[in-house]
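The structure under discussion appears below in the form of structure tokens.
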Amino acid sequence: MGVDFMHEISGAQAVVETLRQEHVKYVFGMPGGANLPIYDALLDSGIRHILARHEQSAAHMADAFGRVTGRAGVCMGTSGPGATNLVTGIATAYADSSPVVAITGQVPKAMTGRNAFQETDVIGVMTPITKYSIQPLSAEEIPSGIKKAFYIATSGRPGPVLVDIPKDVQQEVRDIPFPESVEVRGYRPYVEVDPLAVERAAEMLVKAEKPLIMGGGGIRISNAYEPFQAVSELLMAPVITTLQGKGSFPEGHPLCLGPIGMHGRAESNKLVSECDLLMAVGVRFSDRSTGTFSEFCKQAKIIHIDADPSEFNKNKQVDLYIRGDANQVLTKVYNALARRISRRSDSNPWLARIAQVREEMKSIPAYTDYDSELSGPKIVRKMREVLPPQTILTTGVGRHQMWCEIHWRVLKPRTWITSTGLGTMGFGLPAAIGAKVAKPDVPVVDFDGDGSFMMTENSLGTAVDEKIPIVSIIVNDRSLGMVEQWQRLMYNRRFSGVKFGNSPDFVKLAEAYGASAKRVTTLEEFGKALKEGISLDSPAVIDVPVSSEEDVFPFMPPGKSIKETVVGPPKEMAIF
Amino acid sequence: MTALKILSVLVENKPGTLFRVTHMIRLMRLNIEGLTCGVTNGGDRSRITMTVNGDDATLDFLAKQLSKVIDVYEAQTYSPEEVTARELALIKLNLSSVSHLDDRRLQGARIVETSDRSITIEVIGSPAEIDRFIHRFDSTQILELARTGTTAVPKG
């Protein structure tokens, strides 16, 4: 293993040089007292710094960059409040297994533990929400520390890694070693795939009469799109996804049923209880996907494929698990299947049953009953008509996000960027910025709610100043709509703390930031504004006033099983 | 059903590792009944041995989660019967409570320090043996008591 030395450079220069060696071109962040040396070194580095307005947004930008590219996004903050502001963004990345390297300044070593100005034990704060954390205590440790951070953040099941660097360490001038590669003892992110398990899986899949395949975020992480689709097509097995896994299979494909879950597609929620074999890949059986664990898919045998062995039998007992990278495992499963069968016929009782359920579901209120001109589902469908297939869509968290879950069709890999695990409001706009930086040539649209948008709306300043042309659509009901829905359905319409007043005027707000802005009142105007928005070379905001009374269905109420999914408004409480 | 279990975790011997391990125990709302930690052969790794009270499912889950922590090499849970377990106790007794140094109650212990008002003894044994030893004295006779907590290796 080669080690190069750079002579007489500072720790801060070593930070920037290591980032260069890791092929980092963009850093999202904010400077402050304890990371000034790094910011000084950045200026000469050729790395583009994108100035956030709040460190939380910087972390979301880096997170989305990571999800779009598969490479670690980098965010920075100073010590104390800079670092604690990163927390929500880092927790979001952790919950969705997104590769992020966060670099924070820390007070000088001699000040540690003395309640120094802007001192926070950020490693203590972030240990539960990071995959790992590293604190170099001398400049010589910086390159290997940061390289380890990148390696850990992007390998195995990815996640955020924190590098916390005391200011005096940034300032030390030394001869600093740059190892070519690093090793982390005791960390084995990749294992040989168990060939016997693969053969057993193939046997089970071949025998199954009613197979169903479920894709999660792991498909994206390991770029397993091709073998995933190949396995499904070979078996003619329909595909359901988690919300994070939405788009792991093209949603226009005839075998795609769409997401399951609290606001999943009705046909997916129904058919998951009818299959005789479920092969789940890169999923963690979250409660939002499955409902009551014990009732979920209990009639079927389950095969679980995941890179993280701690997920096996965590929420759901399974019949067979295979540890490994989804791409590798699925390729092996495909080969094992291809030795046994040729492409299955597209007419069999199971596919007939699927078609029947799909037909039945077409007329459920959730898919048909939209009163107003600017109904959530209509807006989402219109958006799909207007936007090209390669468009990246980010979202906030709430009703608008759930309408996307049900009605948006993800057609291309890595174009659906949403916070599912942590459910972080405020994710959409900064995520759109990070995604646009990663993929400047495709349209990037933040489909947001007013509540979510307001949490990080100052990122518009970043988009305008840094010339990052994204479009934010604000589904504006002047309410925390999803909470309002729960209060309507489960708290007898006692609305507590959900209604906003008329502030702000989003058009004026956007214009104050220097973004172009439109308020639309018809679907046609919306389509037109959106088309125009993605053609601009500057950020745009579209304010779409909607009613707060339109609830999202299908809805699997919390604490219920997936069989208890409600497919329409309460007056027609239809339970399967 | 909860029962005492031994959790044995082999880790990197470096700052912060114990914190990474114990925060997982706190997350699972388990109480650490005993904890020992010491370097293993080579000096660059440590073995943390914890006694915790929990049900099998929680402890299996915990061991899996711990195995995932970057600085952890392995994490295993054992029932007490599966391991050879030892614990050391230092017991400082009121000198007046012990009539003479060949008091039968001191059998099995080693006297490690005496003063004009106290006698400190060392006892090594299984946790149950230590419990029984301590019960030879009443609480007024014991001035101070320190137990190391269990350390253990699997049998066989």
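Heads up: the sequence lines are chains A and B, in that order.
Read in order, the letters of the first sequence are residues 4 to 579 in my numbering.
Read in order, the letters of the second sequence are residues 919 to 1074 in my numbering.
Glycine included, each C-beta is placed from N, C-alpha and C at the ideal position.
Predicted, not measured: the structure shown is a model, and the values here were computed from it.
May I have the straight-line CA-CA distance separating residue i from residue j, to the nearest angstrom?
{"i": "Asn461 (chain A)", "j": "Ala98 (chain A)", "result": "24 Å"}
{"i": "Asp279 (chain A)", "j": "Leu215 (chain A)", "result": "8 Å"}
{"i": "Gly504 (chain A)", "j": "Ser550 (chain A)", "result": "14 Å"}
{"i": "Met919 (chain B)", "j": "Met282 (chain A)", "result": "32 Å"}
{"i": "Ile132 (chain A)", "j": "His941 (chain B)", "result": "11 Å"}
{"i": "Glu575 (chain A)", "j": "Arg356 (chain A)", "result": "Any reading at Glu575 (chain A) needs caution, since the residue's pLDDT is 45, under 50, leaving its predicted position unreliable; the model's value is listed next. About 24 Å."}
{"i": "Lys563 (chain A)", "j": "Ala94 (chain A)", "result": "27 Å"}
{"i": "Lys304 (chain A)", "j": "Leu977 (chain B)", "result": "25 Å"}
{"i": "Val128 (chain A)", "j": "Lys112 (chain A)", "result": "18 Å"}
{"i": "Gly571 (chain A)", "j": "Thr295 (chain A)", "result": "21 Å"}
{"i": "Asp374 (chain A)", "j": "Ala105 (chain A)", "result": "46 Å"}
{"i": "Arg326 (chain A)", "j": "Leu208 (chain A)", "result": "17 Å"}
{"i": "Asp171 (chain A)", "j": "Phe556 (chain A)", "result": "55 Å"}
{"i": "Gly264 (chain A)", "j": "Ala921 (chain B)", "result": "36 Å"}
{"i": "Ser82 (chain A)", "j": "Thr465 (chain A)", "result": "22 Å"}
{"i": "Tyr42 (chain A)", "j": "Phe120 (chain A)", "result": "19 Å"}
{"i": "His307 (chain A)", "j": "Ser271 (chain A)", "result": "18 Å"}
{"i": "Ser926 (chain B)", "j": "Thr967 (chain B)", "result": "5 Å"}
{"i": "Met386 (chain A)", "j": "Ser506 (chain A)", "result": "26 Å"}
{"i": "Leu258 (chain A)", "j": "Glu58 (chain A)", "result": "42 Å"}
{"i": "Glu528 (chain A)", "j": "Pro542 (chain A)", "result": "18 Å"}
Judging by CA-CA distance, which residue of the options is the nearest neighbour of residue i?
{"i": "Arg963 (chain B)", "options": "B:Glu992, B:Ser1015 and B:Val1041", "result": "B:Glu992"}
{"i": "Thr232 (chain A)", "options": "A:Ile224, A:Ser519 and A:Gly218", "result": "With the sequence shown as reference, residue 232 (chain A) is identified as Gln, and Thr is not the correct amino acid for it. Of A:Ile224, A:Ser519 and A:Gly218, the residue nearest in Cα terms is A:Gly218."}
{"i": "Gln404 (chain A)", "options": "A:Gly429, A:Leu414 and A:Gln393", "result": "A:Gly429"}
{"i": "Val185 (chain A)", "options": "A:Val6, A:Pro139 and A:Ile409", "result": "A:Val6"}
{"i": "Gly379 (chain A)", "options": "A:Gly35, A:Lys210, A:Gln109 and A:Val547", "result": "A:Val547"}
{"i": "Ile395 (chain A)", "options": "A:Met64, A:Lys439 and A:Thr427", "result": "A:Lys439"}
{"i": "Leu414 (chain A)", "options": "A:Arg347, A:Gly261 and A:Glu363", "result": "A:Gly261"}
{"i": "Val103 (chain A)", "options": "A:Val110, A:Glu122, A:Thr115 and A:Val77", "result": "A:Val77"}
{"i": "Ile943 (chain B)", "options": "B:Glu930, B:Pro933, B:Lys923 and B:Val1041", "result": "B:Lys923"}
{"i": "Val448 (chain A)", "options": "A:Ala434, A:Gly484, A:Asp311 and A:Arg497", "result": "A:Ala434"}
{"i": "Arg1035 (chain B)", "options": "B:Asn1012, B:Pro998 and B:Lys982", "result": "B:Asn1012"}
{"i": "Ser475 (chain A)", "options": "A:Ala441, A:Val360, A:Lys521 and A:Val194", "result": "A:Lys521"}
{"i": "Glu3 (chain A)", "options": "A:Ala86, A:Phe299 and A:Ile168", "result": "Residue 3 (chain A) is absent from the structure shown; chain A starts at 4 and stops at 579."}
{"i": "Pro192 (chain A)", "options": "B:Val939, B:Asn971, B:Thr969 and B:Val987", "result": "B:Val987"}
{"i": "Lys335 (chain A)", "options": "A:Gly399, A:Val201 and A:Ile224", "result": "A:Val201"}
{"i": "Asp47 (chain A)", "options": "A:Leu340, A:Ala37, A:Lys28 and A:Leu425", "result": "A:Lys28"}
{"i": "Ile179 (chain A)", "options": "A:Phe315, A:Glu20, A:Asp328 and A:Leu258", "result": "A:Glu20"}
{"i": "Tyr516 (chain A)", "options": "A:Met559, A:Gly500 and A:Asp468", "result": "A:Asp468"}
Where DSSP assigns a beta bridge to residue i, which residues make up the other side?
{"i": "Ser13 (chain A)", "result": "A:Val176"}
{"i": "Thr1155 (chain B)", "result": "No answer is possible for residue 1155 (chain B): the residues shown for chain B start at 919 and end at 1074."}
{"i": "Pro1045 (chain B)", "result": "Paired residues: none, contrary to the question."}
{"i": "Ser1 (chain A)", "result": "Lying before the first or after the last residue shown, residue 1 (chain A) is absent from chain A, which here runs from 4 to 579."}
{"i": "Arg1065 (chain B)", "result": "B:Ala1007"}
{"i": "Arg522 (chain A)", "result": "A:Asp546"}
{"i": "Tyr450 (chain A)", "result": "It should be pointed out that residue 450 (chain A) corresponds to Phe in this sequence rather than to Tyr. Answer is A:Thr398 and A:Ile476, bridged to Phe450 (chain A)."}
{"i": "Glu930 (chain B)", "result": "B:Arg963"}
{"i": "His1018 (chain B)", "result": "DSSP, once it has assigned bridges, lists no residue as partnering His1018 (chain B)."}
{"i": "Gln994 (chain B)", "result": "B:Ser926"}
{"i": "Phe8 (chain A)", "result": "A:Pro180"}
{"i": "Phe153 (chain A)", "result": "Phe153 (chain A) pairs with nothing; no bridge assigned."}
{"i": "Gly261 (chain A)", "result": "A:Ile243"}
{"i": "Asp973 (chain B)", "result": "B:Thr920"}
{"i": "Gly32 (chain A)", "result": "A:Leu54 and A:Met79"}
{"i": "Ala1070 (chain B)", "result": "B:Ala1003"}
Between residue i and chain C, is any beta-carbon pair separated by less than 8 Å?
{"i": "Tyr324 (chain A)", "result": "No chain C appears in this structure, whose protein chains are A and B."}
Is there at least one non-hydrogen atom of the ligand MG closer than 7 Å to the beta-carbon of residue i?
{"i": "Gln994 (chain B)", "result": "Looking for the ligand MG in the displayed structure turns up nothing, as the structure carries no ligands at all."}
inquiry  = At 4 residues or longer, what runs of the alpha helix (DSSP H) sit wholly inside the stretch 482-514 of chain A?
reply    = Correct list: 484-493.
key: 3 or more residues per run - each beta strand (DSSP E) lying fully within the stretch 269-342 of chain A   = Every beta strand (DSSP E) of 3 residues or more that sits fully in the stretch 269-342 of chain A is shown, in chain order, as 280-284, 304-309 and 323-326.
Interface residues of the stretch 175-203 of chain A facing chain B [CB-CB below 8 Å] = Residues passing the 8 Å Cβ filter: Val187, Arg188, Gly189 and Tyr190.
query = Taking Cβ-Cβ distances below 7 Å as the criterion, which residues of the stretch 950-983 of chain B are in contact with chain A?
reply = Against chain A - using a Cβ distance shorter than 7 Å - the residues of the stretch 950-983 of chain B are Phe979, Lys982 and Gln983.
query = Fully enclosed by the stretch 177-258 of chain A, which beta strand (DSSP E) runs are 3 residues long or longer?
reply = Scanning the stretch 177-258 of chain A for uninterrupted beta strand (DSSP E) segments of 3 residues or longer gives 214-218 and 242-244, listed from N- to C-terminal end.
key: Length-filtered (3 minimum) beta strand (DSSP E) runs lying within the stretch 61-124 of chain A   = Counting only runs of 3 or more residues that sit fully inside the stretch 61-124 of chain A, the beta strand (DSSP E) segments are 76-80 and 103-109, in chain order.
ask   = What runs of the beta strand (DSSP E), each 3 residues or longer, lie entirely inside the stretch 368-443 of chain A?
value = DSSP runs (the beta strand (DSSP E)) wholly in the stretch 368-443 of chain A: 395-398.
request  = May I ask you to list, following chain order, the residues of the stretch 982-1003 of chain B that have a beta carbon less than 8 Å from some beta carbon of chain A?
outcome  = Against chain A - using a Cβ distance shorter than 8 Å - the residues of the stretch 982-1003 of chain B are Lys982, Gln983, Ser985, Lys986, Ile988, Asp989, Val990 and Tyr991.
Residues in the stretch 307-320 of chain A having any Cβ partner in chain B nearer than 9 Å = Residues of the stretch 307-320 of chain A with a C-beta less than 9 Å from any C-beta of chain B: Asp311, Pro312, Ser313, Glu314, Phe315, Asn316 and Lys317, listed in chain order.
key: Interface positions of the stretch 115-137 of chain A facing chain B (Cβ-Cβ less than 9 Å), listed along the chain   = Along the stretch 115-137 of chain A, the positions whose C-beta sits under 9 Å from a C-beta of chain B are Ile126, Gly127, Thr130, Pro131, Lys134, Tyr135 and Ser136, read in chain order.
inquiry  = At a CB distance below 9 Å, what residues from the stretch 1023-1053 of chain B approach chain A? Give them in sequence order.
reply    = Taking 9 Å as the Cβ-Cβ cut-off, the stretch 1023-1053 of chain B has no residue approaching chain A.
task = With 7 Å as the C-beta to C-beta threshold (strictly closer), list the residues of the stretch 142-162 of chain A near chain B in chain order.
result = Close to chain B, meaning a Cβ-Cβ distance shorter than 7 Å, are the following residues of the stretch 142-162 of chain A: Ile155.
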